[in-house]
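Each remark here refers to the structure printed beneath this line.
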């Protein structure tokens, strides 16, 4: 914030530290210090008047004005006047006065008239720790569009907010803020909050920086990486080259090619060690097989709950499930988590143990940390929005998905069976999804328990599982091999 020393002192007194925060001091009222030729009753109004007489009562002061812009006389009334007020009204003097005008039975009065000098504009009034005129000068000198834009506020939001502080007739006459202006203020408030959060991001020294390139390796692949895969890998490359521990989320749909990004990250980290954690044994196995296929020069290890106690210090790339959390892990310079959104709260908290497993004594250095997800959880989305986590998006797929969707009726069931038989004959696999595990008293849907007998009689190698099945991973692995 490029404020003068005097402005900075006033900002401190207001308890703020930015122009955006100053913009949230919304005027409590407006003074229309423009001359009008038409008298408005029950309203604050400016008059051009000559003092004709002054009468002081016990608890009041009455001043008779001849109002030039209206062409007739009105009486000004001040209740419990202060001594200095007496000097504002001198018989024969012509000045500008501002107050509330009321008319009854042809007689008009102005309550609490005060002498004003700056006329011809609509002036905002503020409730703040600063004196009214000081606050107004601060707003007029500091609150500019240029200053608001310099703090990152959007152009149209800045325009909407500035209307409140530099008002037109339309704004000043509003009884309450319209929806557009109110939304702009809400945006500014949230914008300030997000900036404060982003400033709280903690940075740690990385255990090591990586300068190996991935391009020679990518040229050995039997396919070409997509532009978005390359862009994401380049993002990670820049992260790994820094001496600050990376914290990045890679978001991409199923089939977008996140696995190749994981492998490229491992390549760039060499000769330092990388660790990858996946939520299921099946996924860990798939990733291990991909690593063995596309990284033949890298010594990879698979760790599941069935893996024997092996010396992990011998491996460059360690892939595993939650079982990793219960092993003594060697120091790793890169930690990656696949399908981050599939971990529960307790499991996500345990990830910190994995990230911290390679922390040097004193906690001053941490591994680079990459998360991969198709659908980030709300907490992670909030961290992305507040810049606690950097993000890379992969929106395209390496190949075109040839997917046909059809809605069929009960009368088409025979055709469905023929289609399944045809796919099995082609050595393909078929997956059937049911809405219920067990029969329901309230829902008229067929459950897995009710349907499994039909499919087991009709076809060979039928496997059944569901979310609560403790052996679901073993069932899915068996289906993958023999189904």
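Residue numbers (the working numbering): 135 to 617.
Note that beta-carbon positions come from the ideal geometry of N, C-alpha and C, so glycine has one too.
Practice task
Could you tell me if residue 551 is buried or exposed, where buried requires 16 or more neighbouring beta carbons within 10 angstroms of its beta carbon?
Solution key: Its Cβ having fewer than 16 others within 10 Å, residue 551 is exposed.
Handout entry: Contiguous alpha helix (DSSP H) assignments of at least 4 residues, all confined to the region 521-570
Key = DSSP runs (the alpha helix (DSSP H)) wholly in the region 521-570: 547-559.
Practice task
Figure out for me which residue from 207, 171 and 156 has the closest Cα to the Cα of residue 237.
Solution key: Ranked by how close their Cα comes to the Cα of residue 237, the residues 207, 171 and 156 have 207 in first place.
Exercise for the section: Specify the secondary structure class of residue 238 as computed by DSSP and reduced to three states. Expected result: Residue 238 falls in the strand class under three-state DSSP.
Practice task
Kindly indicate which three-state DSSP category residue 495 falls into: helix, strand or coil?
Solution key: Model confidence at residue 495 stands at a pLDDT of 45, short of 50, so the residue's coordinates are unreliable; what they give is reported in the following sentence. Looking at residue 495 - three-state DSSP - the assignment turns out to be coil, as it is neither helix nor strand.
Handout entry: Where the beta strand (DSSP E) through residue 580 begins and ends
Key = Looking at the DSSP string, residue 580 is not in any beta strand (DSSP E), and its letter there is neither H nor E.
Handout entry: Alpha-carbon spacing of residue 533 relative to residue 356, whole angstroms
Key = Looking at the backbone, the Cα of residue 533 and that of residue 356 are separated by about 13 angstroms.
Exercise for the section: Check residue 136 in the structure and name its three-state DSSP category. Expected result: Here residue 136 sits in coil by DSSP.
Exercise for the section: Express the C-alpha separation of residue 465 and residue 280 in angstroms, rounding to a whole number. Expected result: Those two C-alpha atoms are separated by around 49 angstroms.
Exercise for the section: Would you kindly work out how many angstroms separate the C-alpha atoms of residue 152 and residue 142, rounded to a whole number? Expected result: The straight-line gap from Cα to Cα measures roughly 9 angstroms.
Exercise for the section: Compare the Cα-Cα distances from residue 448 to each of 455, 434, 179 and 470 and report the closest residue. Expected result: Each of 455, 434, 179 and 470 was checked against the Cα of residue 448, and the nearest Cα belongs to 434.
Problem - Per DSSP, the bridge partner or partners of residue 409 - result: In the DSSP assignment, residue 409 forms a beta bridge with 452 and 469.
Practice task
Kindly indicate which three-state DSSP category residue 222 falls into: helix, strand or coil?
Solution key: DSSP places residue 222 in the helix class (H, G or I) of the three-state scheme.
Practice task
Rounded to whole angstroms, what's the CA-CA distance from residue 146 to residue 274? Just pull it up for me.
Solution key: If I take the Cα positions, the gap works out to 17 angstroms.
Problem - Burial state of residue 456 (16 or more Cβ within 10 Å) - result: Residue 456 is buried by the Cβ-count criterion.
Exercise for the section: Would you please state the rounded distance, in angstroms, between the beta carbons of residue 218 and residue 182? I believe it to be under 8 angstroms. Expected result: About 23 angstroms separates the two Cβ atoms, so there is no contact after all.
Problem - Residue environment, residue 201, which counts as buried when at least 16 other CB atoms sit within 10 Å - result: Classification for residue 201: buried.
Handout entry: Best match in 282, 605 and 194 for proximity to residue 136 [C-alpha to C-alpha]
Key = Looking at the Cα atoms, 282 is the closest of the given residues.
Problem - Alpha-carbon spacing of residue 197 relative to residue 266, whole angstroms - result: If you draw a straight line from the Cα of residue 197 to the Cα of residue 266, it comes to about 26 angstroms.
Exercise for the section: Kindly give me the distance between the Cβ atoms of residue 163 and residue 259, rounded to whole angstroms, as I take these residues to be in contact under 8 angstroms. Expected result: Residue 259 and residue 163 do touch by the CB rule: their CB atoms are close to 4 angstroms apart, below 8 angstroms.
Exercise for the section: Give the secondary structure of residue 300 by DSSP, where H, G and I count as helix, E and B as strand, and everything else as coil. Expected result: Residue 300 falls in the coil class under three-state DSSP.
Practice task
With a threshold of 16 other CB atoms inside 10 Å of the CB of residue 374, please say whether the residue is buried or exposed.
Solution key: Around the beta carbon of residue 374, 16 or more other beta carbons sit within 10 angstroms, so the residue counts as buried.
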